[in-house]
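Chains as they are written, first to last, in our numbering: chain A, 1 to 276; chain B, 277 to 644. Glycine included, C-beta positions come from ideal geometry on N, C-alpha and C.
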Amino acid sequence: MIRVEALDLGYEGRLVLTGLNFQVDRGEFLGILGPNGSGKSTLLHALSGLLPPKKGRIIVKSEPLGGLPSRLRAQILAVVPQSTDVRFPFSCLEIVLMGRYPHRRRLGTLTDADLVWALKSMRRTTTAHLKERPIIEVSGGEGQRVVIARALAQDPEILLLDEATSSLDVRKKLEIFELLKFMSETRGLTVLCAMHDLNLAALYCRRLMFIKHGRVVVDGPTDQVFTPAILREVYETPMEVVRHPGHQRPYAVMLPLSPGTREDEAAMEALEAAQS
Amino acid sequence: MKESSLPADNLNRTVDLAEARSRHNLGARRFAVACLVLGLGLVASVVLATGIGRMDVGWGAIAAVVLSKLGFHTGALDRTTEVVIWGIRLSRVVLSGLVGASLATAGVIFQGLLLNPLADPFTLGVSTGAAFGVALLVMLGVGGSFLGLSPLPLGALAGALGAMAAVMLLSRESGRIRKETLILAGIVVSTFLAALISLIKSLDEESLSAIVFWIMGSFSGRGWIHVGFLLPYLAAGLALGAVYHRELDILALGEEQSHHLGVAVAAVRLKLLLGASLLTAGAVSVSGVIGFVGLVVPHLVRVLAGPSHGRLLALSAAAGALILIWADVLARTLLASGQELPVGVVSALLGGPFFFYLLKSRRSRGMW
Chain A
1 MIRVEALDLG YEGRLVLTGL NFQVDRGEFL GILGPNGSGK STLLHALSGL LPPKKGRIIV
61 KSEPLGGLPS RLRAQILAVV PQSTDVRFPF SCLEIVLMGR YPHRRRLGTL TDADLVWALK
121 SMRRTTTAHL KERPIIEVSG GEGQRVVIAR ALAQDPEILL LDEATSSLDV RKKLEIFELL
181 KFMSETRGLT VLCAMHDLNL AALYCRRLMF IKHGRVVVDG PTDQVFTPAI LREVYETPME
241 VVRHPGHQRP YAVMLPLSPG TREDEAAMEA LEAAQS
Chain B
277 MKESSLPADN LNRTVDLAEA RSRHNLGARR FAVACLVLGL GLVASVVLAT GIGRMDVGWG
337 AIAAVVLSKL GFHTGALDRT TEVVIWGIRL SRVVLSGLVG ASLATAGVIF QGLLLNPLAD
397 PFTLGVSTGA AFGVALLVML GVGGSFLGLS PLPLGALAGA LGAMAAVMLL SRESGRIRKE
457 TLILAGIVVS TFLAALISLI KSLDEESLSA IVFWIMGSFS GRGWIHVGFL LPYLAAGLAL
517 GAVYHRELDI LALGEEQSHH LGVAVAAVRL KLLLGASLLT AGAVSVSGVI GFVGLVVPHL
577 VRVLAGPSHG RLLALSAAAG ALILIWADVL ARTLLASGQE LPVGVVSALL GGPFFFYLLK
637 SRRSRGMW
């Protein structure tokens, strides 16, 4: 579905990610993990076609991503960005219907199929009750779910999510991930999501990719790579991985930081004392 | 997870669809009513505005003149009355309406495209750029008309595009156009070009009133030929707006999301900027710089019609026409001495306080 070859990514003169090589097949559910500033968002920017590669290639369905016409690309690939700031009082249904843009003809009217897609997507993200509400008046979490509904209305083959559930409560987070899992298992939707919540990733993603300092540290099936050693290396934080007795999925437990940081704190206090 | 456990998919197609459709149609019906009201208002305004003036012509004479021009035989008409009604008043009313429509729709496009509630042909310096283009051509002695087309609107278009490009460059910071500095850059460019226009006109030994004409805008002495100059630009600009109105909606979500939804952002933006510049250039080449119409009308219509740009464009065109027709009636009748005010003075006097009110009341509600 997606093939990345010898990819270097970055902005004006600054390389963020180097030497990326990986492939994601149809129906995979991939979590992209890594500390702040590791390049998760940069990778998703590139995969969505916003950021042209410095070097290397991104192939989507055996076509170079940059060569795909915009509408065709949006039929294959939908994106749920990190933040969505809308200033115009479009209703939530209007926002979701915008997801049908790549499928609609230029001067064509709204078809029943478009409406069905929009309504179904809103139902799936439990936002149907917001249809008539202006997007600028709904809460952050509701807005995020409306944008997820819009991405689903695009009827994509690949869905990219950048911290897309960060402002949702626990229940809503699980609902969205259940939905994504369902879509990937039964409809063959390929899901790539950059995320911070380790345990959510371990619970739903079948494959994890850890990024740090602009490189892929490890990439593999969740059961094999979600280990204390790897987590410790990536996040520089002591962690233990336990298997839940019920569902048998791994989950990470954070341990208090080693005394190193306390020494820093003592030094700061000394500095403050010296100042006064 | 099994399919059956997803209640979302048990969509009651017929009921939900019917509901969504009816809501959609409800909006459409409101829009149709608004169109009808504005359309009737426009027709009534054209007739009323034609009847108002220093010479009392009578409604019967207006009807007779219009009917005779439409090919109906209405018997002998007083020659003077006919010239006043057809050649002077009606042409001017129609022209002011078309200029109002041009400026208002240009404002809609600029505001949506640049995500800036203060953007309009005037604040972006595009109007003044167009006026500069015309002034330059006039100074160089290029004028006249060929087959009903004048080179002046082309000069205006070049000036408008040049000013637009300058403003974009000035407000660009590390590859992105900064919303905050856009209007600032517009004012800088506009002030500079206005000074250049004054300079050109002074060198050309024209009277001060001719300079004021370009900088404050006026329909004084304009006729059907100017309607002809403007029409192709209005038609082309409106067509671009109509074809790309859905993209304009999506672009209002910002560049990134538009990209994700499949809009070819750079190409579409260029076409829409061209459309708005065409509208501005056409308007300025026949009437000079008229401010506030492009700024206030879109805001006013947005309150009534919502943010959807297809409807916004249609209703703003009608409302802009209506407003500028009456602003021009005021401009030519306000002074007891019989002298004319530049219509730009009237539009600024009316639009300024009104815009202030809009800004205050809407900001408190956290939207545009």
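Shown here for leucine 189 of chain A: same chain residues with a beta carbon closer than 8 angstroms to its own, the five before and five after excluded, namely Gly27, Pro156, Glu157, Ile158, Leu159, Leu180 and Met183 in chain order.
In this structure, the beta-carbon distance from methionine 195 of chain A to glutamate 163 of chain A falls below 8 angstroms. Leucine 20 of chain A is positioned such that its CB atom lies closer than 8 angstroms to that of valine 216 of chain A.
Around glycine 401 of chain B, the same chain offers Ala439, Val443, Gly462, Val465 and Ser466 as residues with beta carbons nearer than 6 angstroms, after the five sequence neighbours per side are excluded. Any Cβ of chain B closer than 8 angstroms to the Cβ of threonine 109 of chain A would place that residue at the interface, and such an atom is absent. For isoleucine 58 of chain A, the secondary structure class from DSSP, reduced to helix, strand or coil, is strand. Taking C-alpha positions only, cysteine 311 of chain B is separated from leucine 634 of chain B by approximately 23 angstroms. At least 8 angstroms separates the CB of proline 238 of chain A from every CB of chain B. The distance from the Cβ of glycine 431 of chain B to that of glycine 417 of chain B is about 12 angstroms, inconsistent with a contact at the 8 angstroms cut-off.
Neighbourhood of glycine 99 of chain A in chain B, by CB distance below 8 angstroms: Leu537, in chain order.
Here serine 62 of chain A is exposed. Its C-beta has fewer than 16 other C-beta atoms within 10 Å.
Collapsing the DSSP output to three states places serine 447 of chain B in coil.
Think of a sphere of 8 angstroms around the beta carbon of glutamine 615 of chain B: no beta carbon from chain A falls inside it, the nearest being about 43 angstroms out. Nearest Cα to alanine 382 of chain B within the set B/Leu600, B/Val369 and B/Phe398: B/Phe398. For leucine 529 of chain B, the C-beta contacts it makes with chain A under 7 angstroms involve Val86, in order along the chain.
Within the segment 545 to 605 of chain B, the complete alpha helix (DSSP H) segments at least 4 residues long are 569 to 581, listed from N- to C-terminus. In the displayed model, proline 250 of chain A falls within a strand according to three-state DSSP.
Taking 7 angstroms as the Cβ-Cβ cut-off, the segment 245 to 260 of chain A has no residue approaching chain B. Note on geometry: alpha-carbon atoms of valine 573 of chain B and alanine 395 of chain B lie some 12 angstroms from one another. Residue burial annotation: arginine 522 of chain B is buried, with at least 16 other C-beta atoms found within 10 angstroms of its C-beta.
Inter-residue distance for aspartate 8 of chain A and valine 16 of chain A is about 8 angstroms (C-alpha atoms, whole angstroms). By the 16-neighbour rule on beta-carbons within 10 angstroms, valine 242 of chain A is exposed. A direct Cα-to-Cα measurement between phenylalanine 630 of chain B and valine 621 of chain B gives close to 14 angstroms. Selection B/Glu449, B/His585 and B/Leu610 evaluated against glutamine 387 of chain B yields B/His585 as nearest (Cα-Cα). At least 8 angstroms separates the CB of glycine 140 of chain A from every CB of chain B. For methionine 98 of chain A, the CB contacts under 7 angstroms within the same chain, skipping 5 residues up- and downstream, are Arg150 in chain order.
Under the DSSP assignment, leucine 160 of chain A falls in the beta strand (DSSP E) whose first and last residues are 158 to 162.
In the three-state reduction of the DSSP assignment, phenylalanine 505 of chain B falls in the helix class.
The Cβ neighbour count for arginine 454 of chain B, taken over all protein chains shown within 10 Å, is under 16; the residue is labelled exposed. The C-beta separation of proline 89 of chain A from glycine 582 of chain B comes to about 7 angstroms, placing the pair in contact by the 8 angstroms criterion.
Taking a C-beta distance under 8 angstroms as the contact criterion, isoleucine 526 of chain B and tyrosine 101 of chain A qualify as a contact pair. When secondary structure is reduced to three states using DSSP, phenylalanine 630 of chain B falls in the helix class. Residue pairing by DSSP puts aspartate 219 of chain A in a beta bridge opposite A/Met209. Here leucine 200 of chain A is not near threonine 222 of chain A, since their CB atoms are 8 angstroms or more apart. Straight-line spacing of the CA atoms in aspartate 332 of chain B and threonine 609 of chain B works out to 13 angstroms.
With its beta carbon less than 8 angstroms from one in chain B, leucine 50 of chain A belongs to the interface.
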